[in-house]
Each structure stands twice: as structure tokens, then as C-alpha cells.
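Engineer:
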Amino acid sequence: MKVSKEELLHIANLADLKIKDDEIDNYLANLQDILNFAEIVNKAPIDDLQETIGANENSNVFRKDEVKIFENHEGLMANAPEKERDMFKIPKVIS
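Residues 3 to 97 (this note's numbering) are what the sequence shown spells out, left to right.
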């Protein structure tokens with residue numbers, strides 16, 4: 003499928019994009035590359051494939067939570083922009 007300059011400008015207008023005249027050829031080439039790749043994907047053989055939702059049949063696979071003691075409290079507090087009573091002081095977020 004070949005894209006014309008007019009089609010590109012129409013698509014750009016629909017997307018509310020402002021394309022300069024000196025950028026049109028570059029956009030045309032990029033859009034053509036994308037459409038050529040989509041055509042290759044569309045031609046891929048899928049007759050022997052089964053539909054799937056995920057990569058495996060497991061669902062909600064989470065790692066086990068582990069409590070770890072953080073021992074460098076002073077190093078952490080050294081990075082605090084503002085401190086109050088040995089805690090990070092942050093701006094008020096609730097009025």
C-alpha cells in the first residue's frame with residue numbers, strides 16, 4: 003500500500019499534527035516503513051497457531067514478600083532534602 007502526500011497530510015490533520023513542508027518526505031518514508039511491516043505481519047502464517055491470552059497458564063504469579071532490615075538509616079537521611087525528627091519532611095498534600 004503506497005501512501006500519498008495528500009493522505010499523509012489528511013492523517014496528520016486528523017491527529018492535529020503540524021508537519022512542515024521539509025518534513026513531509028521523512029514522514030512519508032516512516033509511515034511507509036510502518037505499513038510495509040504491518041503487511042509482513044499480516045501475511046505471517048497463523049493456521050497452526052492456537053489463541054492465547056498470556057505466555058503461560060499460570061495466573062497471578064507473585065514473588066514471596068520478604069522483610070529486609072535496612073541498616074544504612076544515616077545514609078538514607080543524608081539524601082533527604084528536608085528532615086524533621088529524623089524523618090523525611092515533605093510538602094503538605096492534604097488541606
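Glycine is no exception: its CB is placed at the ideal position from the N, C-alpha and C atoms.
Under the DSSP definition of a beta bridge, which residues are partnered with residue 89?
Structural biologist: 86
Engineer: In the structure shown, what three-state DSSP assignment does residue 69 receive?
Structural biologist: Note: residue 69 maps to coil in three-state DSSP.
Engineer: So, is residue 10 buried or exposed, given that buried needs 16 or more other C-beta atoms within 10 angstroms?
Structural biologist: buried
Engineer: Reducing DSSP to helix, strand and coil, say where residue 3 ends up.
Structural biologist: coil
Engineer: If you follow the alpha helix (DSSP H) that residue 39 is in, where does it begin and where does it stop?
Structural biologist: 26–44
Engineer: Mapping the DSSP letters down to three states, classify residue 15 as helix, strand or coil.
Structural biologist: helix
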